[in-house]
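Undergrad:
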Amino acid sequence: MDATQVGEMVEETHDQINKSIVPESYKALGPTWLSRYGKIKAAFKPLSTIHHNNEVITDVDLIIDHATNHFENLYNDNASLPDNDLIEKTIPKLVNEDTNQLLTLIPPTEEIKSVIISLNKETALSPDGFGGFFYHTF
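Residues in the sequence shown are numbered consecutively from 1, following the UniProt record's numbering.
(1) Who are E55's beta bridge partners in DSSP?
(2) Go to I112, then tell me how far its alpha helix (DSSP H) extends in each direction, as first and last residue.
(3) Given a cut-off of 8 Å on the beta-carbon distance, is the pair I63 and I57 in contact?
(4) Do you know how far the Cα of Q101 is from the Cα of P127?
(5) At the level of alpha carbons, what is the spacing between I112 and E97?
(6) Near G131, what residues of its chain come up, given a Cβ to Cβ distance below 6 Å and the 5 sequence neighbours on each side ignored?
This is how it looks when you write it as structure tokens:
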């Protein structure tokens, strides 16, 4: 058998495969479409067997039970993570306790009033929907 005959056999086999699995309307997409079609079809092939502890499971109900048990154990595990103080060690303290107390205090009424008076009346609306004009008026 020479190379020409082998090439003809390959083309003939390719055409037979093409006719058997590829609808006529998709043939215009080109030859690379067949390989992409096969890869996609193989990727979405239903799961028929799984291997677990040197054992092959083929029964669909056992596969479902195994998958369910695996993920239940994975997400219901009460494993405790050790507190390793990673955040405290890597992020320096930039605010001491006294400064933190000052930052969390509610400002006095006089300070709030002076800030509102200093607002420009023609400013854009704030996230609450009210602009400087509203606060000056009401």
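In this text, a Cβ means the ideal position worked out from N, Cα and C, and glycines have one as well.
TA: If we stick to the structure as given:
(1) H52
(2) T109 to I117
(3) yes
(4) 27 Å
(5) 24 Å
(6) T123 and L125
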